[in-house]
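These notes are about the structure you will find just below.
Number of protein chains: 2
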Amino acid sequence: MADEAATITLYPTMNLLLLSDRDLDGEDRAEIRDQRVDHVRRILRARPGDRLRVGRLGGELGEARIVSLDRERLVLTVTWGAAAPPKLAATLVLALPRPKFLGRILQSATEIGVAEIVLLGTRRVEKSYWSSSLLEPAAIDRHLRIGLEQARDTVSPAVTVERRFRRFLDERLPRLLAAGELVVAHAEGTDGFPADASTVAGVLIGPEGGLLDHEVAALAERGARLVGLGPRALRVENAVSVVLGRLLFA
Amino acid sequence: MADEAATITLYPTMNLLLLSDRDLDGEDRAEIRDQRVDHVRRILRARPGDRLRVGRLGGELGEARIVSLDRERLVLTVTWGAAAPPKLAATLVLALPRPKFLGRILQSATEIGVAEIVLLGTRRVEKSYWSSSLLEPAAIDRHLRIGLEQARDTVSPAVTVERRFRRFLDERLPRLLAAGELVVAHAEGTDGFPADASTVAGVLIGPEGGLLDHEVAALAERGARLVGLGPRALRVENAVSVVLGRLLFA
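So the sequences go chain by chain: H and G. Count along the first sequence from 1, then add 118; that gives the number in my numbering. Count along the second sequence from 1, then add 118; that gives the number in my numbering.
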């Protein structure tokens, strides 16, 4: 919150202007010609001379000065400086949610700083969800970017799709468990959250209707930790923030 | 997840059918004639003889059996049983958010089990927010009920409005601090989250643009605890779940 008088805080959803290599002309000059120009002009009401927080996709954070700005073109000079904030070491394994909620969940997980997200198929994930256009890489990427802009981060989490639960059990789960604990949020879980959150390699959030008993049993047999969230059934998006937040405070 | 074969899980947002005293005809019979009839018929595809989880607003949970169901009328017999899940002992003090986000935040906080919510005025809360129709009691109540239905709770949190920050400092803050700690989520906070979350009497989440320095100082002087959330700026709705979730796992 320091420096807010000097640097315009991008508002309402853009705390950071993300620049891709394509926007950059050399190391310290950027030229933008897409809808971000309109955002900077009309939402931020920025003018030549104003300074903006910027980030290079996959790279550093910096501060930019607006050299020129008209309806079509924004030119910036950039001073690069800080590294992007560190990521959480844990993977979010998420039963594919109803597509209309997916974007907001990806955004929240990105804000919180998850480095990797696995969209998982379980029995109660409706088949129709897998053919949603909202699962296309461009749609996913759009939400990840919004999360990065909000959290002032530059590195998108890696999102992978694992539709087959069995293959998750056989291939990915052993790798996760080799790295640490997998916390499965489960209504009837009796384990507590690990006292040392840094031992958590992954967090698994089931679908709206819950995991089936045999899915829970398969996870538990292989060593996953069934953590109860109490008698309250949370919406998936709320559960994701609640459980990942537990790692943020570790 | 036990008993799911026998009891229809209300889907997608209603895990519980809430009954008010007006719906009840005696202690164990209910008759409903509003949009819930349509929900039960068309979304749940329930039929006479099916069982539903029900709750009495402000009271117990129970199981209902559908006696009759047509386009206009749903008649249930109810067996009351369990108490509503316990509430969190902490109050959520929330700088009034952009009204279009308020509903979802109230819903999340209700799901998590907050007993009391204070909507607070701070300098960076836009004045126009206070005249939004979404702040009317009926609008607020609608979102609280959605949260109750999701979390299978029957007791709405008490929502109060405190537009004057100064009055909050003078009147409500001392009461909160007499009951325990007030955790203020603050980008530059250096305090950790209290090791024993049961000592937390309240959690304060600032507005999108943050609290002003003098607001933070006034809170700190009076004994609030400034807890840093790290370098990541979270959307307000995400921050609410992340911080309240910390109490859920206590």
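Ideal placement from N, C-alpha and C gives every residue a C-beta, glycine not left out.
Environment of residue i [buried if 16+ CB atoms lie within 10 Å]
i, result
"H:Thr-272", "buried"
"G:Gly-144", "exposed"
"H:Leu-226", "Just to set this straight, residue 226 of chain H is Ser in the shown sequence, not Leu. Buried, because 16 or more other Cβ atoms sit within 10 Å of the Cβ of H:Ser-226."
"H:Glu-78", "With chain H covering 119 to 368 only, the question about residue 78 of chain H has no answer from this structure."
"H:Arg-353", "buried"
"H:Asp-141", "buried"
"H:Phe-311", "buried"
"G:Glu-306", "exposed"
"H:Pro-255", "exposed"
"H:Ala-202", "buried"
Proximity test, Cβ basis, 7 Å: residue i and chain C
i, result
"H:Pro-203", "Looking at the structure shown, chain C is missing, and the protein chains on hand are H and G."
Residues bridged to residue i (per DSSP)
i, result
"H:Trp-198", "H:Gly-180"
"H:Leu-300", "H:Gly-320"
"G:Ile-150", "G:Leu-192"
"G:Thr-374", "No answer is possible for residue 374 of chain G: the residues shown for chain G start at 119 and end at 368."
"H:Gly-363", "H:Gly-363 pairs with nothing; no bridge assigned."
"G:Ala-315", "Answer is none; G:Ala-315 lacks a bridge partner."
"H:Leu-136", "H:Gly-173"
"H:Leu-344", "H:Val-302"
"G:Val-211", "G:Val-236, G:Leu-322"
"G:Ser-249", "DSSP lists no partner for G:Ser-249."
"G:Asp-114", "The structure shown does not extend to residue 114 of chain G, since chain G is modelled only from 119 through 368, so no value can be given for it."
"G:Ser-186", "G:Val-193"
"G:Leu-142", "G:Ala-148"
"H:Leu-206", "H:Val-232"
Residue i to residue j span [Cα, whole Å]
i, j, result
"G:Ala-120", "H:Ala-303", "At G:Ala-120, the pLDDT of 38 sits below 50, so the modelled position is not reliable and the matter cannot be decided from this model."
"G:Val-361", "G:Leu-253", "23 Å"
"H:Tyr-129", "H:Leu-162", "With a pLDDT of only 42 at H:Tyr-129, under 50, the local geometry of the prediction cannot be trusted, and no value is derived from it."
"H:Ala-269", "G:Leu-134", "35 Å"
"G:Val-236", "G:Val-279", "6 Å"
"H:Val-321", "G:Leu-344", "28 Å"
"G:Leu-175", "G:Glu-149", "15 Å"
"H:Ala-207", "H:Phe-283", "23 Å"
"G:Pro-275", "G:Pro-204", "12 Å"
"H:Leu-330", "H:Glu-267", "37 Å"
"H:Gly-217", "H:Ser-250", "Rather than Gly, the amino acid found at residue 217 of chain H in this sequence is Pro. H:Pro-217 and H:Ser-250: Cα-Cα distance of roughly 7 Å."
"G:Pro-166", "G:Arg-160", "13 Å"
"H:Gly-341", "G:Gly-348", "31 Å"
"H:Leu-365", "G:Arg-293", "31 Å"
"G:Asp-188", "G:Val-155", "8 Å"
"G:Thr-127", "H:Arg-281", "With a pLDDT of only 44 at G:Thr-127, under the threshold of 50, the placement of this residue in the model should not be trusted, and no figure is reported."
"G:Gly-177", "G:Arg-147", "15 Å"
"H:Leu-220", "G:Leu-220", "20 Å"
"G:Thr-125", "G:Asp-168", "For G:Thr-125, the pLDDT reaches just 47, beneath the cut-off of 50, and the residue's location in the model is therefore unreliable, although a value from the coordinates is still provided. Their Cα atoms are separated by approximately 7 Å."
"G:Val-193", "G:Ile-230", "31 Å"
"G:Asp-139", "G:Ala-313", "42 Å"
"G:Asp-309", "G:Gly-346", "6 Å"
"G:His-157", "H:Ser-246", "22 Å"
"H:Ala-336", "H:Pro-215", "21 Å"
"G:Leu-295", "G:Val-211", "13 Å"
"G:Gly-328", "G:Val-301", "15 Å"
"G:Trp-248", "G:Glu-234", "19 Å"
"H:Leu-170", "H:Leu-291", "42 Å"
"H:Glu-299", "G:Glu-299", "32 Å"
"H:Phe-367", "G:Gln-153", "42 Å"
Nearest-angstrom beta carbon gap, residue j and residue i [assumed within contact, 8 Å]
i, j, result
"G:Phe-286", "G:Leu-224", "That pair is no contact at about 19 Å."
"H:Val-232", "H:Ala-213", "15 Å between Cβ atoms; not a contact."
"G:Leu-262", "G:Thr-209", "The Cβ separation is near 15 Å, so there is no contact."
"H:Ala-164", "H:Leu-179", "About 18 Å separates the two Cβ atoms, so there is no contact after all."
"G:Gly-363", "H:Ser-359", "6 Å"
"H:Arg-260", "H:Glu-355", "So it is not a contact: roughly 17 Å between Cβ atoms."
"G:Glu-333", "G:Arg-241", "7 Å"
C-beta contact flag for residue i and residue j at 7 Å
i, j, result
"G:Thr-195", "G:Glu-181", "no"
"H:Ala-351", "H:Ile-323", "no"
"G:Val-277", "G:Ile-264", "no"
"G:Arg-183", "G:Arg-151", "no"
"H:Leu-137", "H:Val-185", "no"
"G:Ala-297", "G:Ala-319", "yes"
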